[in-house]
Structures are given as structure tokens and as C-alpha cells.
Ligand code: URP
Ligand code: ZN
Ligand code: ZN
């Protein structure tokens with residue numbers, strides 16, 4: 001279907017201008033003033049913003065974790081993402097220890113076959129075991145299949161945490177294959193000791209999750225990963241940076257021109273550790289990792305995203321119902337599965353409290369939620385911008401639309417919302433994925449399976465237009 005989007009204010013990472021956008025065969029065909037083309041459908045975008053669809057590089061859909069499985073699958077998770085203006089996500093294919101990487105990936109491909117996504121999907125491989133299943137040789141083959149980022153957990157001792165030898169070997173493979181290394185940077189050994197001491201002292205309420213994971217343990221691991229990546233000469237992306245002590249080594253590395261990038265997530269700008277003291281074990285809703293930090297950390301994060309010390313904002317959507325999953329025994333924080341929801345509200349929150357308050361510009365907003373992610377994860381310029389030849393992944397954004405965020409109105413399977421009751425101004429009106437209208441007037445209009453698996457390019461390489469789009 002061909003679509004003409006007329007008269008919108010186009011905002012990309014670099015530009016801000018009013019024009020028409022003509023879409024044909026799923027891609028952006030022409031951009032110009034008062035385009036004289038015949039389209040099957042015309043959408044009047046006067047007074048609206050036309051921006052590239054957002055990309056979420058950090059989600060955990062249908063993931064077995066902490067003894068249970070996240071409650072969004074690729075249908076519900078991608079539907080919620082679409083309602084929030086996200087048109088591509090990259091989920092973590094976590095290797096079950098003992099599995100080969102091919103087995104791990106087959107399990108994730110089965111998930112998107114069974115629960116058809118409505119937006120496009122890519123996978124990172126999360127390496128957990130190089131002893132009994134995965135081999136470095138097999139890891140090296142994954143970029144050929146479009147899996148061009150290797151994730152390692154430096155925390156969650158006894159579960160998915162890797163030692164420094166594994167981390168470093170994977171970095172060496174990434175150097176050879178052109179993959180990007182991603183780390184969950186916390187010192188899992190130190191945290192394991194502190195958690196055990198904390199519980200032994202009888203401190204088991206949710207707030208102790210935060211108190212047993214000091215900011216310095218995140219900073220130490222961040223710096224360790226940076227230095228090791230430097231030795232291996234691999235590009236490094238630090239996920240879910242939560243506080244200034246962890247921002248600092250990233251800032252230093254970037255000042256030196258090293259290939260290091262950092263991401264934060266929506267919740268770290270709004271949720272603080274005091275919220276974990278909510279009565280009746282409700283504080284468990286905020287048990288995610290790294291934990292919510294003291295409120296004063298939030299302005300540091302805003303500064304870091306404004307000044308390009310941090311390059312992206314993701315959601316780390318890892319949803320578990322409360323109290324069915326998050327309340328596990330109502331007694332001990334350390335057995336609660338770690339993770340929080342947020343896939344739908346990233347743009348609402350960042351637009352309202354970032355652009356709306358002047359903390360970030362509209363261009364920077366687009367960069368943080370779309371363009372930088374596309375560039376870092378091998379999706380650019382097919383995705384992450386509005387330009388002829390790019391996929392027509394587009395959000396028509398109403399900057400004046402008001403809504404109150406609530407668990408009752410969101411579209412995920414999870415039964416609570418971290419931002420419950422927050423009033424936001426600015427929301428998607430129409431969302432398109434490769435020229436298909438997915439969401440319109442608060443209704444899901446996507447056909448099942450509208451989303452596709454995307455094979456990503458290697459780090460630093462362009463992802464060219466899909467062959468089907470070349471006419
Ligand atoms: O608590 C979190 N963040 N759970 C998801 C897994 C991870 O660490 O990203
Ligand atoms: Zn993590
Ligand atoms: Zn995560």
C-alpha cells in the first residue's frame with residue numbers, strides 16, 4: 001500500500017522541518033514540499049510530529065529468569081511496544097547453560113514463530129556458558145546470522161553471571177567478528193557476599209535489594225569492562241547505567257575517544273530507592289537490577305544523556321506480575337525475580353519530562369530512542385531515520401495529547417505500571433512498521449505477524465534497504 005503523510009513536522013536526529021512523506025513498498029520513497037503523488041491513503045499530519053519509529057535495544061520477553069518466566073511474550077510485548085511508539089526491539093536470547101548457541105537461537109526463533117510480533121525484532125545473544133554448550137567458534141559464526149551483539153552478565157552469581165575469563169574471551173571474539181559487546185556491569189561476587197550478610201542480619205524487605213547493591217559495585221564493574229574491552233579492542237555498550245559513579249568511567253572512556261557507549265533506562269530517571277519502602281511488600285514491584293538509586297542520581301542521568309556521555313535510553317522491560325511473581329514469599333528480597341515493566345511508556349515519559357521541560361531537545365530525543373540505537377546495533381540507515389530508502393517505520397506523534405499512565409490502560413500482560421498515575425503530554429497517534437499501519441487512534445490495527453525478524457549488520461556497518469524494498 002502507498003501512503004502519503006502530509007504536512008507533518010519531521011524530526012530526526014539531525015533535522016526539524018515541515019514536509020510530506022510518501023511511502024511505497026514499505027519504504028520511504030520521497031520527502032518533499034506539497035508532493036504531487038497519487039497514494040492509496042493520505043494521512044493529514046498537520047500540527048503533528050513525524051519521527052522515526054523508536055527502537056528498544058533491551059527487552060526480556062518470555063524469558064525464564066529467577067525461577068519464573070516474564071509475563072509478556074512476543075505478541076503482548078510487541079503490541080505494548082507499538083502503542084508506545086516503538087517499531088523495532090532487540091531482545092536478549094539468553095543461552096540456557098549447557099545449550100549450544102544454535103540451540104539457544106532456535107528456541108528464540110520458535111518464540112517469534114509461535115507468538116507473532118507486530119513490530120520488527122532482532123536478537124542479541126546472552127552468553128552464559130562456554131564450558132558445556134557454547135563454544136567460541138560457534139559464537140564467531142553468529143554475526144553471519146544477523147546476531148551482531150554479545151551480551152554478558154557480570155552479576156547474578158550462580159545463575160547467568162560469567163567470570164572475567166569468559167568476558168574477556170568473548171571480547172576477543174567480538175574484536176575478530178565485528179560484534180558489539182554488551183555488559184550488565186555489577187560486581188556479582190561482592191554483591192553475593194553483601195546480600196548473604198544482609199539476609200543473615202534479618203534484613204529481608206524489598207528495600208534491602210537496593211541497600212545490598214552499592215553504586216560502587218556497578219562503577220567497579222563498569223570500569224573493569226571498559227578496561228578489558230580496551231585490551232581486547234572490542235566495542236563496548238554498558239546496559240542499564242543507573243548512577244553517576246557508573247557514568248564517570250564511561251565519560252572518561254569517551255573523552256579519551258575509546259569505543260564505549262552507555263545506556264540508561266526510563267525507570268532510573270523517575271523511580272528512586274525510597275519507593276521500595278512501600279508497605280505490604282509492594283516495594284517488590286521495584287526490585288530490578290541495578291536497583292533504583294537515591295533521588296539525587298536522577299539529575300546526573302539527565303545530564304549524561306544530554307551531554308552524550310550516555311547514548312541511548314531503553315526500557316529493560318522484564319515484566320513479572322505482582323504479587324503472583326514479584327511477591328514470591330513475601331519475606332525475602334533476594335528470591336524475588338529481578339525485573340520491571342516499561343516497554344510502553346519510554347517515549348511518553350522522556351518526551352514529557354525530557355523535551356517538555358527543556359532537558360533535552362526533540363532531536364536528542366530521537367537520537368536517544370531511535371537513531372543512536374540503530375547506529376550502534378547495525379540497523380542504520382534502514383531504521384532510525386526518515387530518509388528515502390529507509391524502512392517506513394514512522395511515528396506520527398501528537399505533542400499535545402494528554403494521558404494518565406495506568407496499569408488499567410496499558411497493553412502488556414503485566415498487572416502494574418512503574419509510572420502509575422503519571423500524567424503525560426505527548427503520545428503516538430499513528431504508528432507504522434515498514435509502511436503498515438500498526439496502531440491508530442489507540443487501536444491495534446496490525447495484522448498478526450506484521451513484524452519480522454531483522455538480521456542486523458556488524459558493528460559500524462550499514463544495514464542497507466531490504467532487497468524486497470528495492471524497486
Ligand atoms: O532486573 C533486571 N534488570 N532484570 C532483567 C535482567 C537484567 O539484568 O537486565
Ligand atoms: Zn541486566
Ligand atoms: Zn535487562
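Residue numbers (the numbering used here): 1 to 471. Backbone N, C-alpha and C define an ideal beta-carbon position, used for all residues, glycine too.
Could you pull out every residue in the same chain whose Cβ sits closer than 6 Å to the Cβ of residue 115, ignoring the five residues on either side in sequence? 73, 74, 75
Rank 465, 464, 460 by C-alpha distance to the C-alpha of residue 175 and give the top, closest one. 460
By Cβ distance below 7 Å, which residues in the same chain neighbour residue 134 in space, the five residues on each side in sequence not counted? Only 95, 100, 101, 127 meet the Cβ criterion.
In angstroms, rounded to a whole number, what distance separates the CA positions of residue 317 and residue 255? 30 Å
What is the DSSP secondary structure of residue 471, reduced to helix, strand or coil? With a pLDDT of 35 at residue 471, under the threshold of 50, the predicted position of this residue should be treated as unreliable, and no value is reported.
How should residue 263 be labelled, buried or exposed, when 16 other C-beta atoms within 10 angstroms of its C-beta is the threshold for buried? buried
Taking the alpha carbon of residue 180 as the reference point, which residue from 123, 22, 204 has its own alpha carbon closest? 123
Tell me whether residue 118 sits in a helix, a strand or coil according to DSSP, three-state version. Reduced to three states, the DSSP call for residue 118 is coil.
Given this structure, state the Cα-to-Cα distance separating residue 81 from residue 36, to the nearest angstrom. Straight through space, the alpha carbons of residue 36 and residue 81 are spaced by roughly 34 Å.
Quick check for students: name the residue ranges of the alpha helix (DSSP H) that lie wholly in the stretch 30-105, counting only runs of 4 or more. 74-83
Specify, as a first and last residue, the run of the beta strand (DSSP E) that residue 245 falls within. Where residue 245 is concerned, there is no enclosing beta strand (DSSP E), although the alpha helix (DSSP H) it sits in stretches over 244-255.
Close Cβ partners of residue 471 (< 7 Å) along its chain, the five nearest in sequence each way excluded: The pLDDT assigned to residue 471 is 35, lower than 50, so where the model puts this residue is not dependable, and the model offers no usable value.
Sorry if obvious, but does the Cβ on residue 273 come closer than 7 Å to a heavy atom of ligand 1? no
Residue 111 to residue 284 span [Cα, whole Å]: A direct Cα-Cα distance of roughly 28 Å separates residue 111 from residue 284.
So, with DSSP's three-state summary, where would you put residue 441? coil
Regarding residue 115 and ligand 3, is the C-beta to nearest heavy atom distance less than 7 Å? no
So, at 6 Å on beta carbons, what are the nonlocal neighbours of residue 34 in its own chain, with the 5 sequence-adjacent residues on each side left out? none
Quick one: does the C-beta of residue 288 sit closer than 7 Å to a heavy atom of ligand 1? yes
Is residue 240 near ligand 2, in the sense that its beta carbon is under 7 Å from a heavy atom of that ligand? Result yes, Cβ under 7 Å from ligand 2.
Cβ neighbours of residue 307 in the same chain (closer than 6 Å, five flanking residues each side left out): none
Using 7 Å as the cut-off, classify the Cβ of residue 184 as near or not near the heavy atoms of ligand 2, replying yes or no. yes
Any non-hydrogen atom of ligand 1 within 7 Å of residue 188 CB: no
Roughly how many whole angstroms lie between the Cα atoms of residue 447 and residue 88? About 16 Å.
Is residue 200 buried or exposed, if buried means 16 or more other CB atoms sit within 10 Å of its CB? exposed
Looking only at its chain, what residues have a beta carbon closer than 7 Å to the beta carbon of residue 156, apart from the 5 residues adjacent to it on each side? For residue 156, where only same-chain residues beyond five positions count, the Cβ hits under 7 Å are 188.
Consult DSSP for residue 388 and reduce its assignment to one of helix, strand or coil. coil
So, with DSSP's three-state summary, where would you put residue 187? coil
Host beta strand (DSSP E) of residue 372 (start-end): Residue 372 -> not in any beta strand (DSSP E); alpha helix (DSSP H) instead, spanning 372-376.
Tell me, which residues are paired with residue 261 by DSSP? 237
Quick one: give me the first and last residue of the alpha helix (DSSP H) that residue 208 is part of. 207-211
Can you name the start and end residues of the beta strand (DSSP E) that residue 433 belongs to? 423-433
Measure the Cβ-Cβ separation of residue 243 and residue 297 and say whether it is below 8 Å. yes
Round the Cβ separation of residue 272 and residue 380 to the nearest angstrom and send it over; I've been treating them as touching at under 8 Å. Going by Cβ atoms, the distance from residue 272 to residue 380 rounds to 34 Å, so no, they are not a contact pair.
Skipping 5 residues on each side, what residues in its chain have a beta carbon closer than 8 Å to that of residue 356? The residues are 425, 426.
In this structure, does DSSP put residue 452 in helix, strand or coil? coil
So, does the stretch 392-403 touch the stretch 430-437, judging by three or more C-beta pairs under 8 Å? yes
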